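See structure below.
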Amino acid sequence: MKVFFVDRVHPILAERLSKHQFDCIDASILSLEEFQALGNQVEGMVIRARFMLSEAVLSHFPKLSFIARSGSGLENIDQGYCKRKAITLFNSPEGNRTAVAEHALGMLLALMNKFPQAQAQLNNGLWRREENRGEELNGKTVGIIGYGNNGRAFAKLLKGFDVKILAYDKYIKGFGDSQVQESTLHALFEQADVVSLHIPQNKETRAMVNTSFFQSFSKPIYFLNLSRGKIVVTEDLVEALKSGKIKAAGLDVLEYESKDFEVLRNENTSECMDYLIQSHRVILTPHVGGWTKESYFKLSSILADKILAHFSTH
Numbered sequence: 000m001k002v003f004f005v006d007r008v009h010p011i012l013a014e015r016l017s018k019h020q021f022d023c024i025d026a027s028i029l030s031l032e033e034f035q036a037l038g039n040q041v042e043g044m045v046i047r048a049r050f051m052l053s054e055a056v057l058s059h060f061p062k063l064s065f066i067a068r069s070g071s072g073l074e075n076i077d078q079g080y081c082k083r084k085a086i087t088l089f090n091s092p093e094g095n096r097t098a099v100a101e102h103a104l105g106m107l108l109a110l111m112n113k114f115p116q117a118q119a120q121l122n123n124g125l126w127r128r129e130e131n132r133g134e135e136l137n138g139k140t141v142g143i144i145g146y147g148n149n150g151r152a153f154a155k156l157l158k159g160f161d162v163k164i165l166a167y168d169k170y171i172k173g174f175g176d177s178q179v180q181e182s183t184l185h186a187l188f189e190q191a192d193v194v195s196l197h198i199p200q201n202k203e204t205r206a207m208v209n210t211s212f213f214q215s216f217s218k219p220i221y222f223l224n225l226s227r228g229k230i231v232v233t234e235d236l237v238e239a240l241k242s243g244k245i246k247a248a249g250l251d252v253l254e255y256e257s258k259d260f261e262v263l264r265n266e267n268t269s270e271c272m273d274y275l276i277q278s279h280r281v282i283l284t285p286h287v288g289g290w291t292k293e294s295y296f297k298l299s300s301i302l303a304d305k306i307l308a309h310f311s312t313h
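Take the sequence shown: its position 146, counted from the start at 1, is 145 in numbering that gives the first Met the number 0, and no numbers get skipped.
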């Protein structure tokens, strides 16, 4: 089976597939048009996010058997078309869940202890202790929206703190235990001191976090987004920061990212981005929450496990 690697991933995936007679071909330098011209040759595909795999694109590959997405989100793939054409989809959210969880916790602790402000003041020769009096995570209520791989991993790290964890997931039920309380969104709005997003981008979640969402909280919150940028309306987030509805925000993803997550688009972003960049109550990182040395290996190794298991039984 010929498997084309559209994006660069850890070499362990090609190494393991090659040992089982898969023909692994590097297509990472090809344009979309050049890749589509390969047509009937493509039987398997490994991607991250370089191309949007719409029905129009996928129709060029009549022999396509599977698509392997290095990472979790599948929003750049027409899943309905794949289902109709019996194209198997693999992803590897297990591979970077620990990295995302650790990144979220690091952001939260830095924000609660005013690290950005303190660093900026020290850089300017200012030694101001009282202005940088922080808050303890201990005793707070943390709301997790989305209780899949990343949400669960974040909750696992939080168990080392004396916090109340409320988790809301529209599609998963019966997951509450002694450490995590299964919650309604209303209860989370009423009780949360911290809110962290761990949900996929789809028609239901796009622009879900807006002014109405922020206004629903009964008290000011610390806000984290390590899911997808377009879930949050940035203009509304900035207004919530200005009004005090959000105490501070940690954003690893932004509404203004390109579709492949590789660049930040410039159009119509200047005012909001200027505010986020200049605010000492905001930490921004360039979509690297799951981007560790360890996760780079695990994302590909887990994909290899899933692909080889699937084809050993088919």
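Just so you know, even glycine gets a beta-carbon here, dropped at the ideal spot from N, CA and C.
All of these numbers come straight from a predicted model, not from anything done at the bench.
task: Ignoring anything shorter than 3 residues or poking outside the stretch 56 to 112, list the beta strand (DSSP E) runs there in chain order.
output: Listed in chain order, they are 65 to 68 and 87 to 90.
- prompt: Does the separation of the CB atoms of residue 100 and residue 153 fall below 8 Å?
  reply: Within the sequence shown, the letter at position 101 stands for residue 100. Within the sequence shown, the letter at position 154 stands for residue 153. Judged by beta-carbon spacing, residue 153 lies within the 8 Å limit of residue 100, meaning their Cβ atoms are closer than that value.
Residue 188 - containing alpha helix (DSSP H), residue span: Working through the sequence shown from its first residue, we reach residue 188 at position 189. Residue 188 -> alpha helix (DSSP H) spans 184 to 190.
field: Spatially closest choice to residue 247 from 305, 151, 114 and 127, by CA coordinates
entry: In the sequence shown, residue 247 corresponds to position 248, counting from 1. When each option's Cα is compared against that of residue 247, the closest is 114.
task: For the beta strand (DSSP E) holding residue 4, just list the boundary residues, first then last.
output: Position 5 of the sequence shown, counted from the start, is the residue given in the question as residue 4. Element bounds for residue 4: 1 to 4.
Sequence-distant residues of the same chain with beta carbon closer than 7 Å to residue 235, five excluded per side: Against the sequence shown, residue 235 aligns to sequence position 236. Same-chain partners within the cutoff: 209, 210 and 213.
- prompt: Where does the unbroken beta strand (DSSP E) through residue 25 begin, and where does it stop?
  reply: Locating residue 25 in the sequence shown gives position 26, counting from the first residue. Looking at the DSSP string, the run of the beta strand (DSSP E) that includes residue 25 is 22 to 25.
message: Between the alpha carbons of residue 273 and residue 74, how many angstroms are there, rounded?
response: Sequence index remark: in the sequence shown, residue 273 carries index 274 (1-based). Sequence index remark: in the sequence shown, residue 74 carries index 75 (1-based). If I take the Cα positions, the gap works out to 28 Å.
- prompt: In the structure shown, what three-state DSSP assignment does residue 329 receive?
  reply: Here the chain covers residues 0 to 313 and nothing more, so residue 329 does not appear.
field: Contact under 8 Å by Cβ, residue 21 with residue 2
entry: Taking the first residue of the sequence shown as 1, we reach residue 21 at position 22. Taking the first residue of the sequence shown as 1, we reach residue 2 at position 3. Result yes, Cβ atoms of residue 21 and residue 2 sit closer than 8 Å.
- request: Can you have a look at residue 330 and say buried or exposed, based on whether 16 or more other CB atoms are within 10 angstroms of its CB?
  value: Limits of the chain in this structure are 0 at one end and 313 at the other, which puts residue 330 out of reach.
message: Check for me: the alpha helix (DSSP H) holding residue 272 runs from which residue to which?
response: Here residue 272 corresponds to residue number 273 of the sequence shown, with the count starting at 1. Residue 272: member of the alpha helix (DSSP H) spanning 269 to 277, first to last residue.
message: If contacts are defined as beta-carbon pairs under 8 Å, then residue 220 and residue 109 qualify, I think. What distance do you get, rounded to the angstrom?
response: Position 221 of the sequence shown, counted from the start, is the residue given in the question as residue 220. Position 110 of the sequence shown, counted from the start, is the residue given in the question as residue 109. With a Cβ gap of about 16 Å, residue 220 and residue 109 do not count as contacting.
- request: Would you be able to state if there are at least three C-beta pairs under 8 Å between the stretch 163 to 170 and the stretch 224 to 239?
  value: Look at the beta carbons and you see the stretch 224 to 239 not touching the stretch 163 to 170: under three pairs across the two are nearer than 8 Å.
field: Rounded separation between residue 270 and residue 85 - CA only
entry: Mapped onto the sequence shown, residue 270 falls at position 271. Mapped onto the sequence shown, residue 85 falls at position 86. Going from the Cα of residue 270 to the Cα of residue 85 covers about 45 Å.
Proximity to residue 161 [Cα-Cα], best of 184, 47, 137 and 199: Indexing the sequence shown from 1 puts residue 161 at position 162. Closest by alpha carbon: 137.
message: Does the CB of residue 292 have a neighbour CB from chain B at under 8 Å?
response: Note that chain B does not occur in the displayed structure, where there is just one protein chain.
- request: Tell me, please, whether the stretch 46 to 66 touches the stretch 29 to 37 by the rule of three or more beta-carbon pairs shorter than 8 Å.
  value: Short answer: they touch.
- request: Can you say whether residue 240 is buried or exposed, counting buried as having 16 or more other CB atoms within 10 angstroms of its CB?
  value: Working through the sequence shown from its first residue, we reach residue 240 at position 241. For residue 240, the number of other beta carbons within 10 angstroms of its own is at least 16, and it is reported as buried.
message: Output needed for residue 97: all residues of its chain with C-beta closer than 6 Å, excluding positions within five of it in sequence on either side, in chain order.
response: As a first step, residue 97 must be located in the sequence shown, where it is residue number 98. Taking residue 97 as the centre and dropping the five residues before and after it, the same chain places the C-beta of 152 closer than 6 Å to its C-beta, in chain order.
task: Given a cut-off of 8 Å, decide if residue 77 and residue 54 are closer than it, judged by their beta-carbon atoms.
output: As a first step, residue 54 must be located in the sequence shown, where it is residue number 55. As a first step, residue 77 must be located in the sequence shown, where it is residue number 78. Yes; because the gap between Cβ atoms is below 8 Å, this pair is in contact.
query: Whose C-alpha, out of 139, 215, 117 and 122, is nearest the C-alpha of residue 129?
result: Residue 129 sits at position 130 when you count from the first residue of the sequence shown. Ranking 139, 215, 117 and 122 by Cα distance to residue 129 puts 117 first.
- prompt: Where does residue 152 fall in DSSP's three states?
  reply: The residue you call residue 152 lines up with position 153 of the sequence shown. The DSSP-derived three-state label of residue 152 is helix.
message: Please classify residue 127 as buried or exposed, where buried requires at least 16 other C-beta atoms within 10 Å of its C-beta.
response: Here residue 127 refers to the residue found at position 128 of the sequence shown. By the neighbour-count rule (16 or more Cβ atoms within 10 Å), residue 127 is not buried but exposed.
Straight-line gap, residue 254 to residue 27 (C-alpha atoms, nearest Å): As a first step, residue 254 must be located in the sequence shown, where it is residue number 255. As a first step, residue 27 must be located in the sequence shown, where it is residue number 28. Between the C-alpha atoms of residue 254 and residue 27 there is a straight-line separation of about 26 Å.
- prompt: With which residues is residue 44 paired in a DSSP beta bridge?
  reply: To locate residue 44, count along the sequence shown from 1; it is residue 45. Answer by DSSP bridge pairing, in chain order: 3 and 66.
Which listed residue (256, 107, 70 and 83) has its alpha carbon closest to that of residue 57: On the sequence shown, residue 57 is found 58 positions in, with the first residue counted as 1. Nearest option by C-alpha distance: 83.
Separation of residue 25 from residue 284, as counted between CA atoms: As a working mapping, residue 284 is identified with position 285 in the sequence shown. As a working mapping, residue 25 is identified with position 26 in the sequence shown. About 29 Å.
message: What does the alpha-carbon distance come out to for the pair residue 261 and residue 286?
response: Position 262 of the sequence shown, counted from the first residue, corresponds to residue 261. Position 287 of the sequence shown, counted from the first residue, corresponds to residue 286. Cα to Cα, the separation comes out at about 9 Å.
- prompt: Identify the residues that DSSP records as bridge partners of residue 180: which are they?
  reply: As a position in the sequence shown, residue 180 is number 181, starting the count at 1. The partner list for residue 180 (beta bridge, DSSP) reads 165.
field: Spatial distance of residue 125 from residue 278 (CA atoms)
entry: Mapped onto the sequence shown, residue 125 falls at position 126. Mapped onto the sequence shown, residue 278 falls at position 279. Rounded to whole angstroms, residue 125 to residue 278 spans 17 Å at the Cα level.
- prompt: On the three-state DSSP scale, how would you describe residue 174?
  reply: Translated into the one-based positions of the sequence shown, residue 174 becomes position 175. In this structure, residue 174 counts as coil in the three-state DSSP scheme.
task: In the DSSP assignment, find the beta strand (DSSP E) that holds residue 222 and state where it starts and stops.
output: In the sequence shown, the residue the question calls residue 222 occupies position 223. Where residue 222 is concerned, the enclosing beta strand (DSSP E) stretches over 220 to 224.
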